[in-house]
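Comments concern the structure below.
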Amino acid sequence: MNKTTQPYKGARDFYPEDKRFQNWMFSVLRKTVESYGYEEYDAPVLEPTELYTLKGSEEIVSEQTYTFTDRGGRSVTMRTEMTPSVSRMVAGKRQELPYPLRWYSIPALWRYERPQRGRLREFWQLNVDMFGVSSLEAEIEMLKLSDDILKAYGAKREMYSIRINSRIFMDYVLRDYVGLDEVEAGTIRRLIDRMHKMDYVAFGVSIESAMNPSQREDGSPEKLLKVLAARTIDELPEDLQTHEKTVQLKQLLQELSNRGVTNAVFDPTLMRGFDYYTDVVFEVFDENPENNRSMFGGGRYDGLVGLFGAEPVPTIGFGMGDATLENFLRDHELVPALPNQTHIYIAVVGGDEVIAKAQKIITTFRQEDVNVAVDITNRKIGKQIETAVKKGIRYVIVIGENELDTDQLTLRDIQSSSEEAHSIERIISLVLAK
RNA sequence: GCGGGCUUAGCUCAGUUGGUUAGAGCGUCGGGUUGUGGUUCCGAAGGUCGUGGGUUCGAUCCCCAUAGCUCGCCCCA
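Just so we're aligned, residue 11 is where the first sequence starts under my numbering, counting upward by one.
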C-alpha cells in the first residue's frame, strides 16, 4: 500500500478552499457563455481509442494519452479533448438537431504529458462550439464571446491580445504564393509555429534550408519572410491584398473593432497545429511575461462531423484550459475574496440539550435558503467562534438557554467584528443580502 | 522522451567542513477557573532529514540509483 498523501503526478486535489476557487472560476464561464445562449452538454470520460485515431494523429494517441484495454478486450482512451466527442454527438443526431447549435462543456481531460507551468495531466477545459453557421458572423460571435469572458473577470485590454489568422490564407501563401510542395509546407508550418522562440537569423536560415532550391522560384524565402513580418493586414504585400481571405480577415477585424473588441490583431505566424482546422484560427495570449504561452484558442473545423459519415456541418469553436486561466487570473490579481458558502455558524452553549431545543430556529433558517452549520462539539465558546473564523464563515450566532427564550438573536459579523440583536426574519434578509 | 534546479516538522526555511539528544518562525492542539475569534502570556504534540543502495568505525551531510516537485526543450489536439 502506497502511503503517500500526494495526488497522482500532474493531477490535483481540490480541498474546499481550492474547489471554492474553481467553482467561482467556472461560474463566471458558465454565466458568460450562457448569456449568449450556449447550452451545456457532456460526454463520457472514456471513449473508444478509434475516436482519437480517426483524424490521423497516431503518434499523439500512442504517446500522450491514457489508453488501456477494458475487461472486454476493447481499447479505450481517457478523453484528451472534447472536440471528437462533441463532433460524434452532433453526427449522431445530425438530422434532428435545431441549428445553429450553441453548445458548451467544462470537462476534465487527461493527457499523458510531463507537467509544467500551465500544463497538467488532469485539467479542465471550457469548450465552446457553434455548429451550422459558415458565415463570418460565427467567427465574430466566437471572438466577441472570448473577449467577454475575460472582461467578465475584470481583465483589462492591455492584459491580453487576440491573434487571428486563416489556415486557407496561409495555405495559399505557402503553396501558391511562395510555391512550396506539401512536404516543404508542412516543415515550414512547424517552423513558423516556433518562430517567436528562435532568433530571426536562425529562423531565416531554417526557412531557406527547408525549401528545395531546385523547385522554388527565386526569392521565395524572402517573399515568405515579408508576409510573416506583417503586423497588420495592410502591411501584407500588395499582391496579397485582394485575396478573398485577406479581405475576409480585414472585415472580421473591422467588425470586432466596431463591437468594442479593439485588441484583436492579424498574426500571420499563428499556426495552431495542423490537424482539423480548416480556415480561421485564433489564440488569446496572456501579455504577462510570466505566462509565456497562449491562454486559449480555437478556430473553424468544418470537416469533423462529416468524418462520422454524416452530412458535414460548418463548425467553429475554442477550448480554454483551467490552469492557464488560473495563472492569468492570479498574476493579474483578478481573484476576489471568495466567501464560504455557509452563511451562519451557530456556536452552542449548553450542549446537546440546547441543540435539540434550537432545532426550530435552525430549520427556519434552512427553509429560507440560509446555509447554517451547527457546532456540535460542546467546546468552549471561544473555540467554536475561532472555528467559524478559520472556515471563512462570515456570521456567527451564539445560542444558549438565554436565546431560546426570546425571539431575538445576536448576529456577530466576523468581517466587521460587530454584534447586533435582530429578529430571525431580519437576520435572514441581512445574511442573504450579500 | 531530453536537460537544469530542488526535496530537513503541517507550511516557509536554518543547520551539520561526516560525530552521539536535528532547530526557528508560522500553523496545530491544550491552558490562563466555567457564554465570544483575529492581540498577548504559558505549555504540548509533531521529523525513520523523499526512498533504496554504496563508501565509512559512524551518513541528514559524500557517491550512485529512483520517485516527486519545479523550470525549460520536444510536443501541445
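C-beta atoms are modelled at their ideal positions from N, C-alpha and C, and glycine is treated no differently. Note that the structure is a prediction, hence the values are computed from the model and not measured.
In whole angstroms, what is the alpha-carbon distance linking residue i and residue j?
i: residue 336; j: residue 383; result: 30 Å
i: residue 236; j: residue 216; result: 15 Å
i: residue 188; j: residue 233; result: 7 Å
i: residue 222; j: residue 79; result: 44 Å
i: residue 152; j: residue 443; result: 35 Å
i: residue 203; j: residue 273; result: 21 Å
i: residue 397; j: residue 127; result: 34 Å
i: residue 276; j: residue 258; result: 12 Å
i: residue 218; j: residue 191; result: 14 Å
i: residue 320; j: residue 102; result: 8 Å
i: residue 412; j: residue 387; result: 19 Å
i: residue 11; j: residue 76; result: Caution is warranted here: a pLDDT of 39 is assigned to residue 11, below 50, making its placement in the model unreliable, and no coordinate value can be reported.
i: residue 207; j: residue 245; result: 23 Å
i: residue 248; j: residue 240; result: 12 Å
Using C-beta distances below 6 Å, list every residue in its chain close to residue i, excluding the 5 sequence neighbours before and after it, in chain order.
i: residue 341; result: 298, 300
i: residue 255; result: 176, 178, 179
i: residue 61; result: 94
i: residue 375; result: 382
Can residue i and residue j be called in contact, C-beta distance under 8 Å?
i: residue 113; j: residue 48; result: yes
i: residue 194; j: residue 220; result: yes
i: residue 348; j: residue 165; result: no
i: residue 27; j: residue 74; result: no
i: residue 56; j: residue 35; result: no
i: residue 174; j: residue 292; result: yes
i: residue 104; j: residue 380; result: no
i: residue 58; j: residue 40; result: no
i: residue 409; j: residue 421; result: no
i: residue 159; j: residue 134; result: no
i: residue 445; j: residue 200; result: Because the chain here runs from 11 to 444, residue 445 falls outside it and cannot be looked at.
i: residue 64; j: residue 250; result: no
Going by beta carbon distance, what residues of the same chain come within less than 7 Å of residue i, once the five residues before and after it are set aside?
i: residue 399; result: 424
i: residue 143; result: 110, 324
i: residue 402; result: 349, 350
i: residue 43; result: 114, 138, 155
i: residue 23; result: 17
i: residue 230; result: 188, 189, 221
Please list, in chain order, all residues of the same chain as residue i whose beta carbon is under 8 Å from its beta carbon, the five residues on each side excluded.
i: residue 242; result: 275, 276
Legend entry - Cβ contact (3+ pairs, closer than 8 Å) linking the region 301 to 312 and the region 264 to 271: Because the criterion of three Cβ pairs below 8 Å is not met, the region 301 to 312 and the region 264 to 271 do not touch.
Inset, instruction - Could you name each continuous beta strand (DSSP E) segment of 3 residues or more that falls completely within the region 202 to 274, going from the start of the chain to the end? - result: Listed in chain order, there is nothing to give.
Inset, instruction - May I ask you to verify whether the region 425 to 433 touches the region 358 to 371, counting CB pairs closer than 8 Å and requiring at least 3? - result: Touching, no, given that fewer than three Cβ pairs across the two stretches are closer than 8 Å.
Inset, instruction - Would you be able to state if there are at least three C-beta pairs under 8 Å between the region 170 to 190 and the region 351 to 370? - result: These segments do not touch.
Legend entry - Those runs of the alpha helix (DSSP H) which lie wholly inside the region 117 to 204 and span at least 4 residues: Residue ranges of uninterrupted alpha helix (DSSP H) with 4 or more members, entirely inside the region 117 to 204 and ordered along the chain, are 146 to 162, 177 to 181, 192 to 203.
Legend entry - Residue ranges of each beta strand (DSSP E) within the region 280 to 339, 3 or longer: Runs of the beta strand (DSSP E) inside the region 280 to 339: 290 to 296, 304 to 310, 325 to 331.
Inset, instruction - Any chance you could list the alpha helix (DSSP H) runs of at least 4 consecutive residues sitting entirely within the region 12 to 59, in chain order? - result: At a cut-off of 4 residues, the continuous stretches assigned as alpha helix (DSSP H) that sit fully inside the region 12 to 59 are 26 to 44.
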